[in-house]
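Everything on this sheet refers to the single structure shown next.
Residue numbers (full-length UniProt numbering): 1 to 480.
This is the structure in structure tokens:
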């Protein structure tokens with residue numbers, strides 16, 4: 001077997017120096033970030049933020065006060081608020097909600113498969129006090145709204161709150177919710193959602209479907225404390241509906257996918273060797289992506305030497321160097337990959353004289369010189385890389401799902417169970433460039449990634465996913 005880049009990364013992962021760097025880098029970064037945040041001249045003191053909020057609350061007849069208070073309560077900038085339209089403020093009975101800028105398009109699926117997806121509203125929403133929301137509608141429809149409005153709001157803020165120590169700014173108003181987030185329990189991802197951060201800049205916007213009510217309870221607590229008014233008086237109420245990824249399956253949906261594979265493999269006696277191989281490879285690919293969360297569409301294919309010798313870990317580079325990571329493989333799945341090697345070797349031996357080209361490619365698969373997962377081309381009797389096109393050409397009618405459903409589903413269910421978002425982000429390969437905290441050199445020594453892998457294994461057990469080995473009948477098919 002040839003020495004590869006994967007081998008060098010695997011050897012490096014045991015370095016004590018890298019482990020030390022991994023342990024000290026994140027705390028140092030957090031200290032620098034906290035120092036920068038606390039020393040920023042734009043940050044408002046607790047007393048000043050409450051003073052501004054209460055003044056604006058009692059002076060809602062002023063358009064500038066309305067814009068300042070909304071910015072203070074939800075973290076939107078004044079220019080963002082000036083771009084709002086009537087449909088961006090929604091009403092549900094006596095309660096009002098600001099529509100988030102985040103949106104997810106509906107998937108075009110047969111009705112049966114739609115029922116297996118976690119339901120999500122088209123837009124996310126953010127609660128606003130009823131009186132304030134009604135005034136905001138009047139303000140955005142006011143003929144006095146113009147390009148000069150931001151400057152007028154700044155002037156209003158300076159005139160009303162020109163304190164001796166520090167003059168408040170619009171940036172300080174907008175960022176006040178960031179400073180108070182920890183006190184009310186708002187996470188970084190929830191802040192991104194509330195403040196209207198660009199959807200493409202937040203991993204959670206793509207991979208997690210969450211119940212908005214939990215986040216709204218925290219936000220309403222912040223608004224109530226800032227204004228010193230009871231939520232019932234403010235007329236704010238959590239909106240109890242899911243929002244997020246529309247690609248995430250329910251537990252019943254995951255079971256349906258694997259039950260479909262199971263049904264195909266139950267009838268292995270009626271399949272040719274080529275058909276059985278392709279069916280089992282499809283099952284194996286679904287299981288592989290479910291436990292590793294590797295992106296399914298990638299030019300960087302998985303080879304035998306991408307795994308550790310005992311299949312305990314996997315080196316992944318599925319979206320450039322910034323996605324480099326070595327992740328643990330769940331214990332119960334390692335045996336499946338071990339058995340797959342035995343199956344390939346038996347298949348090689350049996351087909352050597354009948355299909356020499358196929359046998360040669362299988363040898364390369366086992367040696368790590370060719371992709372580890374390959375389909376058997378039924379028309380040309382050769383092995384082809386098991387990419388998305390090959391999968392869709394044979395199984396699209398049975399599984400009309402988005403090819404990234406594994407990542408969306410696992411991330412959503414783990415976050416619902418309280419999984420740390422930072423470790424999940426690293427496990428999925430969303431760590432930023434040059435962030436060596438979770439790089440291939442040190443990730444195996446980081447316990448949080450092992451925790452993600454263990455939680456994925458618990459999900460497999462909870463969903464009762466069948467772990468099928470082809471070795472019970474070797475090349476003829478498994479007993480299922």
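Where is the CB? At the ideal position from N, CA and C, for every residue including glycine.
- Rounded to the nearest angstrom, the gap between the Cα atoms of residue 93 and residue 337 is 55 Å.
- A check of alpha carbon separations from residue 454 across 466, 430, 423 and 84 identifies 423 as the nearest.
- Exclusion of the five residues before and after residue 215 leaves 190 as the residues of its chain whose Cβ lies within less than 6 Å of its Cβ.
- When rounded, the separation of the alpha-carbon atoms in residue 184 and residue 222 is 6 Å.
- In summary, residue 111 is exposed, with fewer than 16 beta-carbon neighbours lying within 10 Å of its beta-carbon over all protein chains present.
- Residues 44, 48, 52, 157 and 161 of the same chain have their beta carbon placed closer than 7 Å to that of residue 168, with the five preceding and five following residues left out of the count.
- Three or more beta-carbon pairs drawn from the region 115-129 and the region 65-76 are found closer than 8 Å, and the two stretches are therefore classed as touching.
- A direct Cα-Cα distance of roughly 6 Å separates residue 293 from residue 428.
- In the structure shown, residue 125 falls within a strand segment according to DSSP collapsed to helix, strand and coil.
- Under the three-state reduction of DSSP output, residue 100 falls in the strand class.
- Residue pairing of residue 371 in beta bridges, as defined by DSSP: 303.
- At the C-beta level, residue 83 and residue 132 stay beyond 8 Å of one another.
- About 18 Å separates the beta carbon of residue 452 from that of residue 210, a gap too long to meet the 8 Å contact definition.
- In this chain, the beta strand (DSSP E) harbouring residue 383 covers 382-385.
- In terms of Cβ geometry, residue 426 and residue 325 form a close pair [threshold 8 Å].
- Under the Cβ criterion (8 Å, minimum of three pairs), the region 249-259 does not count as touching the region 219-234.
- Within the DSSP secondary-structure output, residue 325 pairs in a beta bridge with 316.
- Counting only the Cα atoms, residue 468 lies some 25 Å from residue 352.
- Between the region 273-292 and the region 332-347, the count of C-beta pairs closer than 8 Å reaches three or more; the two stretches touch.
- The C-alpha of residue 268 lies about 20 Å from the C-alpha of residue 373.
- Under the 10 Å beta carbon count, residue 357 is surrounded by fewer than 16 other beta carbons and is classified as exposed.
- Its Cα nearest to that of residue 173, the residue 67 stands out among 100, 187, 67 and 237.
- Residue 355 sits in coil when the DSSP states are folded into three classes, being neither helix nor strand.
- The shortest C-alpha to C-alpha distance from residue 263 to any of 280, 359 and 310 is the one to 280.
- Residue 409 places its beta carbon 8 Å or farther from that of residue 208.
- Ranked by Cα distance from residue 46, the options 90, 80, 179 and 148 are led by 179.
- Proximity to residue 220 across 141, 237 and 233 peaks at 237, based on C-alpha coordinates.
- Here the alpha carbon of residue 81 sits roughly 45 Å from the alpha carbon of residue 457.
- Beta-bridge pairing by DSSP links residue 89 to 98.
- Assignment of residue 249 by DSSP, reduced to helix, strand and coil, places it in the strand class.
- Pairing residue 104 with residue 240, the inter-Cα distance amounts to about 18 Å.
- Straight-line spacing of the CA atoms in residue 62 and residue 151 works out to 15 Å.
- Comparing alpha carbon positions, the residue from 314, 383, 367 and 100 closest to residue 275 is 383.
- DSSP, read as helix, strand or coil, puts residue 430 in coil.
- Annotation for residue 78: 67, 71, 150, 153 and 170 place their beta carbon closer than 7 Å to its own, counting only its chain and skipping 5 residues before and after.
- Ranking 367, 175, 122 and 89 by CA distance to the CA of residue 134 puts 89 first.
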